[in-house]
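In the numbering used here, the protein residues as written are 1 to 191.
Written out as structure tokens, the structure is:
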């Protein structure tokens with residue numbers, strides 16, 4: 001099964017806006033930012049350079065977070081994540097623990113969109129929160145909150161009060177046999 005992100009040797013990172021104007025501290029901060037992304041790579045043979053462009057970015061060395069603001073584009077190979085704000089958290093060892101994209105909506109090309117998209121690499125889990133839409137094998141799943149487990153392909157769609165989840169099955173999908181599905185879909189109603 002393809003995984004969205006896996007460990008990978010250091011990659012080049014380009015930003016459209018420098019951290020600070022001039023000086024050696026700028027070079028040090030850029031080097032630290034490169035190190036943050038050493039565990040990012042896209043599945044499916046991914047491994048090309050990661051490019052993140054934004055109107056501004058901030059790196060906090062003390063808490064291990066990097067935040068990008070304004071028309072953020074995260075690209076690597078065929079992966080494209082678009083958002084208004086992107087935050088990347090790492091633990092003390094430098095391992096990425098959480099990636100959070102905020103948007104109107106935040107969009108993960110060919111996968112889905114939501115107001116907030118959270119990715120937890122260690123758990124191989126993506127959570128779409130707020131007006132969530134997920135595309136799966138020609139089918140469309142919508143709900144207030146959708147959790148997708150990358151390693152198992154399980155989707156859990158939840159609704160909020162006075163709303164319902166919705167699944168639109170593509171009957172023209174010729175790759176599926178009659179009565180079978182390529183993913184396990186579980187629906188849960190939030191209380």
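Glycine residues also receive a C-beta, built at the ideal position from the N, C-alpha and C atoms.
- Counting C-beta pairs closer than 8 Å gives fewer than three between the region 121-128 and the region 162-169, which falls short of the contact rule.
- Sixteen is the threshold: when 16 or more other Cβ atoms of the shown chains lie within 10 Å of the Cβ of residue 108, as they do, the residue is buried.
- Counting only the Cα atoms, residue 72 lies some 15 Å from residue 114.
- A check of alpha carbon separations from residue 119 across 136, 138, 99, 103 identifies 99 as the nearest.
- Look at residue 152 here: in three-state DSSP terms it is coil, with no helix or strand label.
- In the DSSP annotation of this structure, residue 63 is not part of any beta strand (DSSP E), being labelled neither H nor E.
- Per DSSP, residue 137 has no beta-bridge partner at all.
- Here residue 58 is near residue 69, since their CB atoms are less than 9 Å apart.
- A distance below 6 Å between beta-carbons, with the five flanking residues on each side excluded, links residue 75 to the following residues of its chain, in chain order: 51.
- Looking at the DSSP output, residue 114 sits in a beta bridge with 106.
- In this structure, DSSP gives residue 70 an extended state, which the three-state scheme calls strand.
- Burial check for residue 139: the Cβ neighbour count within 10 Å reaches 16 or more, so the residue is buried.
- Non-local beta-carbon contacts of residue 83 in its own chain, meaning distances under 7 Å to residues more than five positions away in sequence, involve 72, 101, 102, 103, 106 in chain order.
- Its chain contains 17, 68, 69, 70 as the residues whose beta carbon lies nearer than 8 Å to that of residue 56, once the 5 sequence neighbours on both sides are disregarded; these appear in chain order.
- For residue 65, the closest of 92, 49, 79, 53 by C-alpha to C-alpha distance is 92.
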